[in-house]
Every structure is written in C-alpha cells, then in structure tokens.
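Since the structure comes first, as structure tokens, the remarks are kept for the end.
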Amino acid sequence: MPPRNVDLVPDILRIIFEIAARDDRRTALKLVVVSHLVESWIDILLYSTVYLYRQRTANNFLRTIETSPTKSRAFFAKHVKSLCILFDMPANHLVRITTICYGIENITTWFLPSPRAVVPTIPLSYLMFCQWLRPRRLSAWHGVLESPNPHFALPFFSRVTHLTVVSIWEDWTTWPAFALPSLTHLSLDFTYGSRTLSRPEIEQIAASLGTILSACPQVCVCALRVDQPAESASIVALMERVSDRRIVFFRHSEPFQIREAHSEAEVGIWRELERAVRLGRGACLKNCWLGEGRPALGREVLSIARA
36 MPPRNVDLVP DILRIIFEIA ARDDRRTALK LVVVSHLVES WIDILLYSTV YLYRQRTANN
96 FLRTIETSPT KSRAFFAKHV KSLCILFDMP ANHLVRITTI CYGIENITTW FLPSPRAVVP
156 TIPLSYLMFC QWLRPRRLSA WHGVLESPNP HFALPFFSRV THLTVVSIWE DWTTWPAFAL
216 PSLTHLSLDF TYGSRTLSRP EIEQIAASLG TILSACPQVC VCALRVDQPA ESASIVALME
276 RVSDRRIVFF RHSEPFQIRE AHSEAEVGIW RELERAVRLG RGACLKNCWL GEGRPALGRE
336 VLSIARA
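Numbering (this note's numbering), first residue to last: 36 to 342.
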C-alpha cells in the first residue's frame, strides 16, 4: 500500500523548483527544459514580471504574446503582473502589449524621453485605460506621468494605492490636484542639488503638499526624497512650513537605482516609511538593507526624518 502522503511529492518539488527559479533567472531558464510539468510551473514565474529594456526586447515580447504556439493569450492576461518599461517605447507597441496583458497590477516607467521621439497625441495612461488596465502600484520617471498634466482623473489611476513620482518637484508642484481615490502611499521627489531654495519656492512646495493631501485624505504616508542632509536650510525650512504628520523626508544613498513598483526593495522602503510615521514627530531613523530588502550592516541605504 503506497504511503498516504505520496500526493505531496509534486507540491514539494514545485516549491523547490520555484525557490531555485526565484533566486536566479538563468537557473529558471534552464529548469524549463526539465519537463513539461516543471516548465508550466516556472513559466508562471518567468512571465510574472516583464522588463522591456530596449526596442529589441519589446519586439521579442510582442512576438511571444501574439504568436506563441504553446501559450494562449489568456496565459499572459492572467500571469503577467508587473511591467517595467525602461526605454522610450512607441505608444502603439504599448497598446498591443496591454491589450493582451490586461491583468498587470504594477507598472514602472523609468526613462528619459528621446529628443526625436514622437510625442503621442493622447497620454499613455489613456492608452492603457482603453485596455481596461487598473494598476495598483506605479513608479514613474516620465512615461505614464506626463507633464504638465498626468491626467489623474482617468480611470487608469482609480485603483492606484502606491505611487512613486520621480519627476522633479518643479513638475509635480504644477500638476492639477491628484485626487486619487485609492491612494494610500505617495513618494515625491524633493531634490534640488547644492543650491538653497527661495522662500517662494518653499511656499510653493508646501502649498502643493497641502493640496495633494487634502485631495487624498486616505494617504497614510507622504514621503519626500531628498538629496541633502536633514540639516540643510531648504529641508529645515520646509519641515517648519508643513505640519501634516504623514509627511516624512528620506534620503536614498543609491539615488539612481530604479525603484521598481513591484520589487522587494520598494516594499522595504514603504515599510520603513510607515514605521517612521508611526513613531511620530521628531523621530529620526537610519535603516540599512541591500537592494532586495535584506539587512546589511554598515551600508546606509535610507535615512528618514520626520517633518
């Protein structure tokens, strides 16, 4: 008589293969040739997050989702959850991707627009909205957040809970009121180099923060990323000007690291910012972790100070 737990073997094997695949993408690509069963497990992980670094990777991905003989469009609609666009992607290609991968929950657009790029006549967020896309986490340096108006009133933004804005403060302070109905976590850029901001500039930033938080009362964390020490005159001036206890200032020692909306590193940043808000006014923290969110002694990645 076979042991009763024999049915657990495939489940255990799947866990082992998935751990190996998550740890190293190259290993994952090798595992898919082990068997059709293992391939079905690993493919779900491989396609859960899609990185589009350049036009060639976008073309390859489009060819896969539109012509794959082994995977249906329903597979991509169900399993592609995170999309990272790291180059100035043609709008029509984005439409083709989101038409099929309409289950995307996390979007990162991180690139400088090309001087020769054709500016779309309608915003990318509207193009995505046309495909019924409702992401929950957004991290954007250009792309879906376009100046002078990101068009936050579009249904595309209606379910966004976590929004990371990397656009310079001169941009986001001039945007129309956010008024995002589901927004709970907001990160804004407050970098200004070595200069000292004028009083009118400080007043403009403070007024914009007040307008945003009034329009989004459900926000529990409003983080301002700075590039100067906490005692810098402009940071001190803004701290004195704002009184909302949800506002925290933080400095990342790796300012050029892409803040991927879906990543464990981003989850770790939000966790520490939430902790800073809970500690209350006057708290000052120095927190350390690697890019994946693991503790790392002696390597400061994030410093947080309460407003």
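Don't be surprised by glycine CBs; every beta carbon is placed ideally from N, CA and C.
Counting only residues of its own chain and dropping the five nearest sequence neighbours on each side, Ala175 has a CB closer than 6 Å to the CB of Thr144. The criterion of a C-beta distance shorter than 8 Å is not satisfied by Ala93 and His71. Residues of the same chain with a CB within less than 7 Å of the CB of Thr209, apart from the 5 flanking positions on each side, are Pro183 in chain order. Take Ser269, set aside five residues on each side of it, and the residues of its chain with a beta-carbon closer than 6 Å to its own are Thr231 and Leu232, in chain order.
For Asn184, the three-state secondary structure derived from DSSP is coil. Burial is judged here by how many other beta carbons sit within 10 angstroms of a residue's own beta carbon; Arg172 has at least 16 and is buried. Ala268 sits in a helix when the DSSP states are folded into three classes. Secondary structure within the stretch 67-146: the alpha helix (DSSP H) runs of 4 or more consecutive residues, fully enclosed, are 71-81, 90-102, 108-114 and 126-135 (chain order). Taking the CA atoms as reference points, Ile293 sits about 18 Å from Glu181. Rounded to whole angstroms, the gap between the alpha carbons of Ile51 and Arg61 is 16 Å.
Annotation for Asp206: the continuous alpha helix (DSSP H) segment containing it runs Trp204 to Trp207. In the three-state reduction of the DSSP assignment, Ile293 falls in the coil class.
Rounded to the nearest angstrom, the gap between the Cα atoms of Ile100 and Tyr88 is 17 Å.
Excluding the 5 residues flanking it on each side, Cys136 has same chain C-beta neighbours closer than 8 Å at Val85, Ile100, Phe111, Ala112, Val115 and Leu118, in chain order. In chain order, Phe187, Ala188, Ala250 and Cys251 place their CB closer than 8 Å to the CB of Ala214, counting only its own chain and leaving out the 5 sequence neighbours on each side. Of all C-beta pairs linking the stretch 232-246 to the stretch 191-199, fewer than three are shorter than 8 Å, placing the two stretches out of contact. Counting along the chain, the unbroken alpha helix (DSSP H) around Ala241 starts and ends at Arg234 to Ala250. When secondary structure is reduced to three states using DSSP, Val256 falls in the strand class. Out of Ala258, Pro170 and Pro190, the CA that lies nearest to the CA of Val201 is found in Ala258.
In the DSSP assignment, Ala311 falls within the unbroken alpha helix (DSSP H) covering Glu299 to Leu314. Contact annotation, Arg276 with Thr226: C-beta distance approximately 18 Å; criterion of less than 8 Å not satisfied. In this structure, the beta-carbon distance from Arg286 to Val254 does not fall below 8 Å. Bridge partners of Val200 according to DSSP: Ala175.
Gly315 sits exposed, since fewer than 16 C-beta atoms from the chains shown fall within 10 Å of its C-beta. At the C-beta level, Val271 and Leu308 stay beyond 8 Å of one another. Pro170 is classed as buried because its beta carbon has at least 16 other beta carbons within 10 Å across all chains shown.
Residues of the same chain with a CB within less than 6 Å of the CB of Asp262, apart from the 5 flanking positions on each side, are Thr226 in chain order.
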